[in-house]
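These notes are about the structure you will find just below.
This is the structure in structure tokens:
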């Protein structure tokens, strides 16, 4: 790849992003992104070197569900799906962190990373509503965490 040039293809005219095809994920040779801005005042160019594994960022996990566990008042069960855009999960697994807060509070807590797509929150206040989100990252710690998933809420079981 050293010295090769690849065109950055814009999805539409005037787009502020583009895609480069035929890149190598595990290359030890950095890519250099050349950004040139042209306007009536002149031209400016900046070079940005990067390795592909440093810029990996999955899309957020999908379909987050929060469920009460019958007859267990201090736990909530969480379930979600990996981002559908993340291909070859068996070869490139993800890890997940969970952010949750109790309704009416300003603080949130975050769990340690786990590769499971379900989790049981413990220490929940019976009858309290909790708001939950999940983020994903490459299991080997390459790149960045995804944005947080869409929030989901649930209330722990409460005896009648």
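In our numbering, the protein residues as written are 294 to 453. C-beta: ideal position from N, C-alpha, C; glycine also. Owing to the predicted nature of the structure, the values given are computational and were not obtained by experimental measurement.
Inter-residue distance for residue 364 and residue 327 is about 60 Å (C-alpha atoms, whole angstroms). DSSP, reduced to helix, strand and coil, places residue 426 within a strand of the structure shown.
For residue 313, the number of other beta carbons within 10 angstroms of its own is below 16, and it is reported as exposed. Per DSSP, residue 320 is not a residue of any beta strand (DSSP E), being assigned neither H nor E. The beta-carbon distance between residue 370 and residue 425, rounded to whole angstroms, is 11 Å. This is too long to meet the 8 Å contact definition. C-alpha of residue 323 to C-alpha of residue 389: approximately 28 Å in a straight line. For residue 355, the enclosing beta strand (DSSP E) covers residues 355–362. Proximity to residue 382 across 453, 430 and 440 peaks at 430, based on C-alpha coordinates. For residue 327, the secondary structure class from DSSP, reduced to helix, strand or coil, is strand. Counted as a single uninterrupted DSSP element, the beta strand (DSSP E) harbouring residue 414 occupies residues 411–415. Taking the Cα positions, residue 334 is about 29 Å away from residue 343.
DSSP lists 387 as the beta-bridge partner residues of residue 431.
DSSP places residue 346 in the helix class (H, G or I) of the three-state scheme.
Residue environment for residue 325: exposed (fewer than 16 other C-beta atoms within 10 angstroms of its C-beta).
The beta carbons of residue 406 and residue 376 sit no closer together than 8 Å.
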